[in-house]
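Quick note on the numbering used here: the sequence shown kicks off at 113 and runs consecutively.
Ideal placement from N, C-alpha and C gives every residue a C-beta, glycine not left out.
Values in this document were obtained by computation on a predicted structure and should not be read as measured data.
Worksheet: one structure, shown below.
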Amino acid sequence: MLSNLLILSIVFALGADPVPGASRPPFERLPGAGTPSPRIQEPPHSLIEVGAAAPDFSYQTADGHWRHLRELLGHGPALLVFGANREQLLALEAERNALLDNGILPVAVLNEKPARIWSVVRDLSLNYTVLADPRQVVAEQFNVKREDQRSATPSWFVLNQQGEVRALRRGQLPNAGFNTLASTALGRPVPGAALPASH
């Protein structure tokens, strides 16, 4: 079951700055970040809307393995959250188990360097996948890159297991209700919702 999978990982998006002299985070049991490779080609940029295929972006784990979004989606549909603030990251953590119980992987993409991501994950006790995207490579592919380069536009995307965007919203993140919006977009039962009576 997905809730039994250890999905917390701290990863670099392609193009992340390596952190010179940075020591490994104290997450020995967790996959972490590595350095980017210039030989990986990212998908071309196009407008991402409902029904479109999500860009199959790449990232590298601490053990040096390159991964793609499609590999993450091999574990189930995903809720990608960009530009989340502290409260929204905590709200996503509070709904983590409900999302996993419904087969949905929560993933936050933050415009931070890996060392900062490690601190955020540790300080907030986050137990879901967090991607470091300091150059907004992934944010740009999802059309949420801000020109000021400080952070991605707060946005969310629900992807099915085939990588199709089932729902999205740019410009605003909810402070709660991540499981409801993701479950609804995927046509899954919403916990606590009344079921239709049978005849």
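Where the alpha helix (DSSP H) through residue i begins and ends
i	result
R182	181 to 185
V232	226 to 236
V249	249 to 253
A297	290 to 297
Burial state of residue i, where buried means 16 or more other Cβ atoms lie within 10 Å
i	result
N197	exposed
Q274	exposed
R247	buried
S237	exposed
V162	exposed
R208	buried
D245	buried
L271	buried
S170	buried
G186	exposed
A165	exposed
G299	exposed
P167	buried
L159	exposed
P301	exposed
A206	exposed
E252	buried
G283	exposed
S295	buried
S263	buried
S231	exposed
Start-to-end residues for the beta strand (DSSP E) that takes in residue i
i	result
A264	Careful: A264 lies outside any beta strand (DSSP E) and carries neither H nor E.
L280	277 to 282
Residue i - partner residues in DSSP beta bridges
i	result
A190	L217, L271
E207	DSSP output for E207 lists no bridge partner at all.
S170	H180
A196	Looking at the DSSP assignment, A196 forms no beta bridge with any residue, so it has no partner.
A165	E276
Pairing CB atoms from the segment 185 to 194 with CB atoms from the segment 213 to 229, are three or more of them under 8 Å? yes
Touch check for the segment 198 to 215 and the segment 279 to 294: three-plus C-beta pairs under 8 Å? yes
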